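*Asks:*
Chains as they are written, first to last, in UniProt numbering: chain A, 1 to 411; chain B, 1 to 411.
1. I'd like to know if residue 245(A) contacts chain B, where contact means its C-beta is closer than 9 Å to some C-beta of that chain.
2. If we define contact as Cβ-Cβ less than 9 Å, is residue 169(B) a contact residue for chain A?
3. In the region 196-222 of chain A, which residues sit with their C-beta less than 8 Å from some C-beta in chain B, listed in chain order?
4. Are the Cβ atoms of residue 375(B) and residue 336(B) separated by less than 9 Å?
5. With distance defined between alpha-carbon atoms, name the residue in 28(A), 132(A), 235(A), 220(A) nearest to residue 260(A).
6. Using a Cβ cut-off of 9 Å (strictly closer), state whether residue 298(B) contacts chain A.
7. Taking the straight line between their C-alpha atoms, what separation do you get for residue 21(A) and residue 56(B)?
8. From what residue to what residue does the beta strand (DSSP E) around residue 42(B) run?
9. What is the rounded straight-line gap between the Cα of residue 417(B) and the Cα of residue 273(B)?
10. Where does residue 413(A) land, buried or exposed, given buried means 16+ other C-beta within 10 angstroms?
11. Short check: CB of residue 48(B) to CB of residue 65(B), under 9 Å?
12. If we call anything under 9 Å between Cβ atoms a contact, is residue 91(A) one with residue 69(A)?
13. So is residue 177(B) in contact with chain A if we call contact Cβ pairs under 9 Å?
14. Are the beta-carbon atoms of residue 341(A) and residue 381(A) separated by less than 9 Å?
15. Would a check of beta-carbon distances place residue 411(B) closer than 9 Å to chain A?
16. Measuring only the C-alpha atoms, how far is residue 414(A) from residue 27(B)?
17. Measuring alpha carbon to alpha carbon, tell me which of 250(A), 353(A), 292(A), 329(A) ends up nearest residue 301(A).
18. Which first and last residues belong to the alpha helix (DSSP H) in which residue 23(B) is found?
19. Kindly list the residues whose CB is nearer than 6 Å to the CB of residue 67(B), restricted to its own chain and excluding five residues on each side of it in sequence; keep chain order.
20. Within 10 angstroms of the Cβ of residue 51(A), are there 16 or more other Cβ atoms? Answer buried if so, exposed if not.
21. Ignore the nearest five residues each way along the sequence and tell me which others in residue 62(B)'s own chain have a CB closer than 6 Å to its CB.
22. Taking DSSP's pairing of strands, which residues face residue 310(B) in a bridge?
23. For residue 126(B), which three-state DSSP category applies?
24. Say whether chain A places a C-beta atom closer than 9 Å to the C-beta of residue 160(B).
25. Go ahead and pull the three-state DSSP assignment for residue 367(A).
26. Helix or strand or just coil, what does DSSP make of residue 386(B)?
27. Let me see if you follow: with CB-CB separation under 9 Å, is residue 227(A) close to chain B or not?
28. Around the C-beta of residue 29(B), are 16 or more other C-beta atoms found within 10 angstroms, so that it is buried, or is it exposed?
29. Run through DSSP, which three-state label would residue 218(A) get?
30. Using the three-state DSSP reduction, which class does residue 12(A) fall into: helix, strand or coil?
31. Cutting at 8 Å between CB atoms, please list the residues of its own chain near residue 199(A), excluding the five before and the five after it.
32. Would you kindly work out how many angstroms separate the C-alpha atoms of residue 372(A) and residue 334(A), rounded to a whole number?
33. My output table needs one value for residue 85(A): the three-state DSSP class, helix, strand or coil.
34. Starting from residue 139(A), find everything on chain B with Cβ-Cβ shorter than 9 Å and list it in chain order.
35. Would you mind listing the alpha helix (DSSP H) stretches within the region 184-235 of chain B that are 4+ residues and don't spill past its ends, in chain order?
36. Between residue 131(B) and chain A, is any beta-carbon pair separated by less than 9 Å?
The structure is reproduced here in C-alpha cells:
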C-alpha cells in the first residue's frame, strides 16, 4: 500500500515532503531530514531517482512514483523520465495537500533534481510553503517557490553544503510553523493594468477598496495575466475587473505580452463575476528594432528600448469575438464596458494610436457575438476618465452583489 | 548618532535587518516587522527610499545612508541613486555583521527595492541568512540569497501579498533561530573540475577525502571559479587543488567560461597552500556556430550545442606566465604540477586536441617566470591518470602540512 503521511495523524508535528534523487543525494537528503526533525518537523522523503531501487530511507520509493506513471531514464536520455517523475510527484503532493497531510515541500538537487522539484511544485497552491535548493536557479516569477542557490554542488556533505542545507531546513521549518493570520482577510478583487491604462485603473481600484475589497493588481505582461488566471482558478478572488486585456491582442498579433490562448477563461471557470474592458488592446509590444511585418503601422516608443505597435481593426474584431465568446460561457454575471473615446493613453483624440474605426470594430464584434446575458455598455468617455473608471468599478460591485444574492444553481 | 542594533545587547532575541523603500512600502515593511516580532525576532528597519524623509518606523533613516554616500534620485534617473544606496546599506550590514549585531537580512521590494536588496546582500558572507522578496527574480547562482517571487505586486497589504510576506518572515525566523551544528566540521579543500578533467579529479578528490578533508568541487564555468575564489577569501578552505584552470585561457581567448582577470589570486591573498594543474587549458568554450576567429583551429563538439575550440601555443604561454606570476606572490607554499601527456581527455595522443607544442609552451612559460620558491613538477603522465592525480593530491597535503608546521611569519 502506498505510504501516506496521514497514517500517523496522531502526531501534531508539521510534515514536510522532502524530494531528492536518492541514488546520488541520499546522504544529503538524510542530513536535511535530520535538520528538519531537530526543529520539530516530520520529513517525508520522496525518491525521485530516475533508475534503480530506492534505499530504505525513502518513505515514498521510486516504485510508488512508477505506479503513478514515472518512467526510467534510458541510456543518456533523461528528459522523458524527469518529466514523468516530476508529474508523478506533483500528483502525490496534490493529493496529500487535499487531505491536509503535508504542510510544506522541500526539494534539493542539481540540474536534474532541482528541475524536477520546481516542476513538481509549480502548480501547488499559492502560499503553500515550497522551497528548492539547487545549483540552477531559474524562475519566471509566476510561482511563490523559494529558491536557494546552493552555490556549491549539492554533492557530499561538506561544511559549506551543510550550511546551505541547514538554512533550507530552518527556512522551511519557520514557514510551516508560521502562526496563522488572526484577522479575517477582506475579500479580494483582481485587476489588470498597464502603464497606459493606469490613470483610470487607479481610480477604479480606489473605488473598489472603498467598497471594502482588497484589490490585487496584475501587470498585463503575459506572465501577469497567467498568474491572475491561475490564482483565480485557486479561488482567491470574489471578482475580476479585467481592465487591461491587451494580452488578447498580443496573442493574436504575436506581441511580447502574450498570456496564451486560455486568457480570459479563468473567471468563467471559477464562476465568479467579471467586468471586461478593452484596455490597451490598441497596443502590441515588440522587441526593437520594429519588425518588418509592422513597419507600415503606427508605432510609439514608450521607452528607448520599448517600441509599441498599433493594432488593426481586424485584430480588434478578433479580440471582440474572443471576449464575447468567453463571457458567453460564464455561469456568473459578466459584463463588457467600452470607453468609446479610446482604450489607452495613446488611443486618444490627437494621440499616436487614435483610430476610432479599430475601436469600433471591437465594439461591433462584441455586440455581434455576446448573448443577451452578457451586458455590453458603451460609455462616451475615455478609459482614463475618472467617471468611466468609477462606473466600471460600480458595475463589478453590482455583479458581485447579484451573484451573492442569487440562489445557488442546482447541480 | 547612527543607530546600531547592538545598543540593546541586553536582549537575546535574534536581530534581522529589514530593507525596504519606505516611501512606497511602509505598510508592507511594518507588516513584515510585526510578523518577525511575533516569532521572537527583532526587526531593524533600514529605509532605502531614493528621495524624501524617512517615516518614524525607520530604525536607520535615509539620512543615515546618505551620510554613507547614498544619493537621491533626480527626475527619472534612479540608477545612480540605487547603486549608491545599495552600497551604503551593504557597508552598514557588513559592519553590523562584524560586530555580531545582526543575525540575518531580509529585503522586500519591486524592481527597485528588490534590486537594491540583492545588491546589498551579494557580498555578505556565505551562510549568513539573507532573503529577498521581489517581483523580479534574478540570480547568477553565485550567492546563497534566498529568493521568494512575490507573484503579486509588493504593493498594498492584500491577503495574497500578506501570505507571501508571512512566509518570508517565517523562513527568515527559522533560519536565524537555527540550531548551530554540534559536530566539528572537517577542514575543507577546494577543487576545480570540468567534464574533461573529471576522471583524474575524482581520484584526487578521493585521496584528499581519505586524508580527512572535506572536498568542495567547483565547475570551472566562470561563475564556479569566481565563487571558489570568493569563498577562499572568506577563509573557508585549508588549501586549493586548482585542477582545472581553463578559466585562465578562456579569459585570454574570449571563451564563455571566463572568471575574470582576478582568477588565481584568492589563495595567494588568503595565504593558503595551492597546487595548480593546467587542466583543460587546451579548451575554449564558445557559443555555436563556431566564430570566424576560430574557424582555422581544431574544434570538438562536446554536445550538439557546445562546441569547444583548441587553444594555441601562444595562449598557453600566456597562461603559464599568469600562473607563475600569481604563485610567485603567494606567502604560503605553492606548486605547479604538469601532466606531460596531456591536459584533458581531448588533449591526449590521438585525441582531437593533441598538441604537444602548445602543452610544452605552458611548461616553458611557467619555468621561465616562476621563482625558486614555487615548485614546478612535470610528471610523464596524463591528467586523467590515477597516479598523477594521487601525486597532485599528495603534493597539496604536503604543502598544507608544511604550512601548518611553519612558524607564523612576523608582522
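Just so it is clear, CB atoms sit at the ideal spot from N, CA and C, and this is done for glycine as well. Computed from a predicted model, the values in this text were never measured in an experiment.
*Replies:* Quick answer:
1. no
2. yes
3. 214, 215, 216, 217, 218, 219
4. yes
5. 220(A)
6. no
7. 50 Å
8. 42-47
9. The question about residue 417(B) has no answer here: the residues shown for chain B are numbered 1 through 411.
10. Residue 413(A) lies beyond the stretch modelled for chain A, which goes from 1 to 411, so this question has no answer here.
11. yes
12. yes
13. yes
14. yes
15. With a pLDDT of 38 at residue 411(B), under the threshold of 50, the predicted position of this residue should be treated as unreliable, though the coordinate-derived value follows. So no, residue 411(B) is outside the interface.
16. In the structure as shown, chain A starts at 1 and stops at 411, and residue 414(A) therefore has no counterpart that could be examined.
17. 353(A)
18. 22-38
19. none
20. exposed
21. 47, 49, 54
22. 283(B)
23. coil
24. yes
25. helix
26. helix
27. yes
28. buried
29. strand
30. coil
31. 345, 384
32. 11 Å
33. helix
34. 137, 138, 139, 147, 149
35. 198-210, 223-233
36. yes
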